[in-house]
Amino acid sequence: METPGRIGVEAAFVYLGLLLTPDCPLYSVFSSLAFQVLLRCLHNSFKPSGAPEESGSGRKKIQKKGKRARNVEEGNEEGASQDDRSGALEVGPVLSRLRAALRVISLRDHQGALKSLVEFLVELPHAVTGAAVIHTTFAMLEDLLQPKHGDVPETAILVLKLLTPSLLLTRAGGTSQQKLMIRSAAIEHVANSMLGEECGDSRAAVVALTRYLCFKAPEKTDARMQAVETVMHFVKHLTATEQQEFGKFVTKLSRSKPRYRLLALDLCGSLFFQLPDPLGVDAAEVERAAGDANGGSSSDGSRWGIACLEATLQRCSDKAPTIRARALVTLAHVIEDLSVHVRQRSYLQELLAGLGSSTGNRAHKGDLGSLISKRCCDEKAAVRKGALLLLTKAAIVMGKTPDEQMLQAMGISCSDSMLSIRKAGLGALAEVTRKFSKIKPVVKEWLESALPLVMDNESSIQEEAVGLFKELVLDPISSVSVMKLSDDRLLAVLLDKSDEPEKSVPPGVVHFLSGLAEKNDAAPFVKRACARLGKTKGLRPSIVMALQSIITASEDLGRKEKSFDGRRVEAVAQGAWFLLSELSLFLPKVVGWDFLRKHWQYSTSAASAASRVHLLQTIANVATELPADAATDLADELLKHLEDFNMHPVEVGAHVNALTTLCRRKAASEDEGEELVTEWARQLLEKAEAIVRAYVSLDRENMNFQTPISIRRRPAGGRSTRKSRRVEPSSQIVTAVFTVGAIALVCPAGNTGSITLLLQELVGESTDGNLLRDPAVSTQTWLTLGKLCLADDKLAKRLIPLFVQELDRTSSAATRNNIMVTLTDFCVRYTALIESYIPKLTKSLRDSCEVVRRQTFVLLARLLQRDYVKWRGLLFHRFLLALVDESPKICQIADFLFGNILKTKAPLLAYNSFVEAIFVLNDYQGQSSGSSALQSSESERDLFSLRGSTQAVVSKRMYIYTTLLKQMSPEHLLATSAKLCAEVLAGAADGVIDISTVSGKCVVEDTLKILALKEMRLGGNKASSNVAEQADEEENAATFAAVKGKVVTQLAKRNLVQNAIPIFIELKRLLEKSSSPLLGALMDCMRSMLKDFKNEIEEMLVADKQLLKELIYDMQKHEAAKARAKAAAAVQPEPQKQQFGALRSRGGIAAVVSPQILVGAVGDIAAAATAASVLQDAATGKSTPLRAMSLPRLRTAGNRWQGGTATCMHASPMQLPVDQL
C-alpha cells in the first residue's frame, strides 16, 4: 500500500505534467492556491521524520544522552541517509518538471506562490541528500531572478533572506557535510547570479546581504568564523566604493554591542588579509607616478584600511576582556601581514604612531608601546597573552627596537602566575633577543627575566629556558673557537671594532658575558642551566675552548696599552671566567693546565677578586686532571695564601674549597685525603686562634688589640653619658675569624673548642663602656659561630638563645642579616630547637633595613615551602604586611608568594584566617577576637598592625583583603561572606564589638567595604556563560562547573535573604541611633550586594514590603547624595574646571548618574546658588528679584537677620519631602 507522501509526490508529478501539456490553458489550470498545496505536499513528503526541534531544551536533552542512545541515533542516521537517497531518486523527476513549468508560467501576480516556492527550494537540499538536488534547486532559484516572476530586486532580497540560515550553517536538518555542500553551492549561486556585471538589479541586495549576515552571525567562535568567511566571499567581489562603505560599516559595528564588536574584529582581520592594498600605499604610488589629479577614487576606496586599523586599536582598550584579547591578537597579525612590503611597513609605523593621539580617545591615547605595556599588566590572562604577541610582532616585524617600557612589560610576563603567560613571555623575550642581541638593554632584560625560568616549577618551561640559554649564550660563544685570530684581533672582533666585516661573531657575546659579570644573582640560574645541559650531554668542548681564548685575549690586553675600554674588557673576562667555572665541571679534560697555571700566576697581582674566585673554582673542578707535581705545588701555594690572613673573605672560601678538593681528589685513598685535610686545617686553626687570642687578651693600653663592646640599639635621640672610643677595624682579625668558619664547614672533626670560647668572649658583654666593638669583627664573629654550631649540636643548644637575643638588640644591619641567615639554617638542622623562637624571627619582617626585611621574607618563605615552619596564625598575619611593604621588591615577592605558592601549598589558609586577619590588622582587643597574634606584647602589635582610619592605612588594609579574596573559590567566598556577617556585623549589632572605639569602628568599616568589593561577587552567571562557550571542548567539566556556579548563586541568594539582610537592618537601626558615620558604608555595602539581584529584590523581600520600600528609598537617597556631590564638583568654577573636563571626557555626568537623579541634583545646586546670591544682595541693600514679585518680603527684624545674614523661609520644591511633591 502506498504511503500518503508518495501519493502526494505522484499527484504533484501529474499536476506539473498537466501544466506542461501542449496548448494547456495555463491561466485556467494554474492557480496560486493549487500551486502552494503542491509545494506543501512535496515538503511533507521529503521532510525527515526524525528531525530534532531547534530549541534549548532539546539541545540539553541531546547533550545528556549516553553512549547507548548515541548508538541508536547513529543507526537512525544511517537509515535516514538511505531514505534520503531514495527520496533523491523520487524528487528528481518532480524537480525537472517543476523547473520546466517555471519556464511557461509567470509568478508576477502570485507573490504568495513565489515565496512558498523559494522557501521550498531553500529547505529541500537539507531534507534530501544529493549533489543533483542541490544543483537543480539553485538553478531554479536563478531562474526565478527574471522579470516575468516579479520585481528582480525584491525577489533577490527574498531569496537572500531565506538563504541566510544556510549561509551561516544555522538551519536545522542534514548532516554537517551536507550543510557545508549547501553553503558552498549557495555562495557560488550568489556570486554568479547576483554579483555578475549583468546583474545590476540584484547587486544592491547582495551588498545589503553582507551587512545582514553580520547582524545574524552566531555568537560561538567557530560559527562566527564561518559567518566571517561567508561574508568575505561576497566582499571580495564588491567594487572599491562598495568595499569602502562596508569598511565604514565595520568600524561602526565595532562600537556596538559586545557580540558585534567581536565580529567586527574578525572582519577587520579578514579584510586586511584578503583584500589588496588595504592602506592605499600602492594606489597612492601609482597616482603620484601618473600625476593623475582625478585618481582619488582608488585612494578613497582604500581608506577603509586606516579606519579598520583605528577601530582595532580602539578595541584594544575595550571594557570586555574577551574583546581586548581578540583585538590585540588581530592587531598583531595585521601588523605582521602588512609589514611584508617595505612601503607598507614604513607607512604603518607612521600610522600607528599617530592613531593614538589623532582619535582623541583617552582609552588608547598615546603610542603603541604605552598601550602594550598597559595590556601586559591586564587582570585577564588572555589579554596579557595577546599583548605579548602584539609586542613581539611590533618589535620584530616592524624592526623597531623595544623601549624600556616594553621590555619591562615582557619581563613582568615572565613571572606571571599563569603558565601560558610565562611561556608566551619567554617566547616573546627570546624572539626580541634574537633580533636585537646587539642592544644591551635587551640582553640585560633577558638575563633578569628569562634566565630565572630555568628554575621554574613547570618542567616544560625549564627545558625551554635551558634550550634558549644554550642557543642565545653558549652557541654564539662557541663560534669564537673556529676563528683563528690573535688576541688583539679577537678582542677587536668581539667589541665590534674590527675593520674586517667578514671576521665577525654572532652579536651579543660581549653583552651576555659582561651581563653575567654584572649580575651577581644570575649565578644559581647559570649553574642550574649548565647542570641540565651537562647531564644531557648538551655541552660541546668548543665552548670551553672559546672561553679560554676570550679570557687570554682580554687579560693579555689588560697588561698592554689601554687601547680598548678597560672596564668593558674586565667585565668580559670576569663573565668568561664565571661561565668557565660552571662548565669545567662537566668538561674537565678540555681545560689545560698550562692555561690555568698562566692565569694563576697572573691573578695574584692583576686580576680582580671575582676572577680569582672563579679561577679557583675551575681548578677545583679539574683537579683530577692535573699533574701530581703541579697539584702539590698548587696546594702549597693555596695554604701559604691562607696562612697570611690578608685576603678578602670571598677569596678565603674559594681557597679553602679548592685546597680541600685537591687534597681529596689527588690522594691515594679517601682516608688519606681526610688526613691531609685535617692536617692543614689544624695548622690554620692554630694560627687563627693565636690571632684571635691576641686580639682579645692584649692589654688595653696597647690600643692595637682590644676587647670591644657590642653596639646596642638606643632610643631615638639617646646619647651615651660617657666618652667612648671606636676600635679601628683590622682586616687580619676579620679574615682569621672567617677562616675558622670556612674550616668548620669542610672539616667538622677539627678541634675548635678553644677558639670557640675566644669567639664567644669576642662577642660577649663587657663591663667597661669605654670601648665600642668594631662592627665588621662582630658581624663576622656571629657568622663564624653559626658555622661552628652547624658542626656541633651541643654548641648549638647553648648558643641559640644568644643568637636570638643579639638579633633583637644589635644596631648593625649586617649583623642582624647574618644572624637571620644563621637561624634559618638552624631551622633546617635543629628544627625543634628553633620552633619556639619563630615569633622572634618574624620581627625582622618589620626591620628598618630593607635588605634585612627582604632576606627574612625570602628565607622564611623558603622554610614554609619545605614545611620546616608551619603556617600558623601569628606567622601568617605577620607575613601579610609584606604585601604593603615600603619596598616594591618585597611587595612583588609577597604577591608572588600569596598568588602562586600559597594558593597551591595551602589553598584553605586564606579562607580560614580571613576574619581573624581583620581583627589583627586593626589591633582590636575585644572579646570577639581570640587570635594568638593579639596576645603578643604591645610593641609587637605596634609593629604588625595597620590600625587607624587614615586613607593610606585603609588602602593598605584593603589591598591585603583583596589579595586574600583572590585566592578563594566561589564556595569559600560565600562562606566568608556568611562568617563576616555572623561574626563581625552581628557582633556589632549585638554590642559585642564596640564601635565607639577607633579599632572597633575600623573593623566594622573594613567588613562593610569587603562585602562591597567586586572580588566578593560570586559571578555565577558569568562563570556559567564562559563555561558554555567551552562546552564543545570539555563537555563534562563545563557541565559540572555550570551546575556548581548555579548552586553557589542560589546559596548566595539564600544567605543574603536569611542572614545578611536581617543583620543589616539591625545594624542600621543601631547606627541611626548613634548617628554613626558608618551608615554611609553600610548603604554602600547593601547597594553593592543587592546589585547582583536587581530582579529578585522584591522576591527576596516579599514577606516585608515596608522593609523593601525602606531599602529602596535609602539606596536612592544615598545615590542622590552622591550625585549631588558629583554635580557640585562639576559646576564649580575655575578651581574645579579640570576635574569636570575629565568627567566630561568619560561621557559626562549622565554616563554615571541616572537622568532623574541628575536633574534633582542640579536643581538643588542651582536653587541653593540662587538663594545664596539673592540673600547676599538683600543683605547689602541691592535690588533683588524678590522685590519685583508679589511675595511677602523678607523681614528685617532681629529674629530674621542675625549678624548681617538672612534665613529664607521659602523652600525650593527640590528641598521638600518626597511625599509633599
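Under my numbering, read the sequence shown as residues 92 to 1312, first letter to last.
Ideal Cβ positions, reconstructed from N, Cα and C, are used throughout, including at glycine.
Item	Value
Unbroken alpha helix (DSSP H) run spanning residue 1086, endpoints	No alpha helix (DSSP H) holds residue 1086; DSSP gives it neither H nor E.
Range covered by the alpha helix (DSSP H) that runs through residue 871	866 to 882
Assigned exposure category for residue 828 - 16 Cβ within 10 Å defines buried	buried
Cβ neighbours of residue 835 in the same chain (closer than 8 Å, five flanking residues each side left out)	841, 843, 875, 878, 879, 881 and 882
Residues of its chain near residue 168, where Cβ-Cβ distance is below 6 Å and the 5 sequence neighbours each way are ignored	In this predicted model, residue 168 has a pLDDT of only 46, less than 50, meaning its place in the structure is not dependable; the value taken from the coordinates is given anyway. Contacts found: none.
Alpha helix (DSSP H) runs wholly inside the stretch 234 to 274, at least 4 long, in chain order	243 to 258
Nonlocal neighbours in the same chain, by C-beta distance under 7 Å from residue 1321, ignoring five residues either side	With the chain covering 92 to 1312 only, the question about residue 1321 has no answer from this structure.
Span separating the alpha-carbon of residue 100 from that of residue 332	48 Å
Residue 421, buried or exposed, once every other Cβ within 10 Å from all chains shown has been counted against 16	buried
Whole runs of the alpha helix (DSSP H) within the stretch 599 to 635, excluding any shorter than 4 residues	600 to 609 and 614 to 626
Environment of residue 780 [buried if 16+ CB atoms lie within 10 Å]	buried
Cβ neighbour criterion (16 or more within 10 Å) applied to residue 371	buried
Where the alpha helix (DSSP H) through residue 771 begins and ends	761 to 788
Backbone secondary structure at residue 1313 - three-state DSSP	As displayed, the chain neither begins before 92 nor continues past 1312, which places residue 1313 out of reach and without an answer.
DSSP three-state assignment for residue 549, whether helix, strand or coil	coil
Which listed residue (610, 1103 and 709) has its alpha carbon closest to that of residue 679	709
Whole-Å CB distance - residue 227 paired with residue 186, under 8 Å assumed	5 Å
Residue from 315, 368 and 326 whose Cα sits closest to the Cα of residue 352	315
Whole-angstrom C-beta distance between residue 893 and residue 937, which should lie under 8 Å	Actually they are not in contact, since the Cβ atoms of residue 937 and residue 893 sit about 22 Å apart, beyond 8 Å.
Anticipated Cβ contact below 8 Å, residue 1053 with residue 1106, distance rounded	6 Å
Length of the line joining the Cα atoms of residue 773 and residue 707	22 Å
Coil, strand or helix - residue 518 by DSSP	helix
Alpha-carbon spacing of residue 545 relative to residue 559, whole angstroms	10 Å
7 Å CB neighbourhood of residue 522 in its chain, flanking five on each side removed	483 and 487
Collapsed DSSP secondary structure at residue 961 in the structure displayed	coil
Cβ neighbours of residue 1005 in the same chain (closer than 7 Å, five flanking residues each side left out)	1055 and 1067
Cut-off 6 Å between Cβ atoms - residues of its own chain near residue 1086, not counting five sequence neighbours on either side	1079, 1092 and 1095
8 Å Cβ cutoff met for residue 713 and residue 682	yes
Length of the line joining the Cα atoms of residue 664 and residue 702	8 Å
Check whether residue 517 and residue 463 have beta carbons under 8 Å apart	no
Beta-carbon proximity list for residue 359, same chain, < 7 Å, skipping 5 on both sides	341, 399, 402, 403 and 421
Residue 727 classed as buried or exposed, judged by whether at least 16 other C-beta atoms fall within 10 angstroms	exposed
Cα-Cα separation between residue 541 and residue 511, rounded to whole angstroms	14 Å
Residue 182 and residue 126 closer than 8 Å at C-beta	no
Among 953, 1175, 965 and 1142, the one whose alpha carbon lies nearest that of residue 1155	1175
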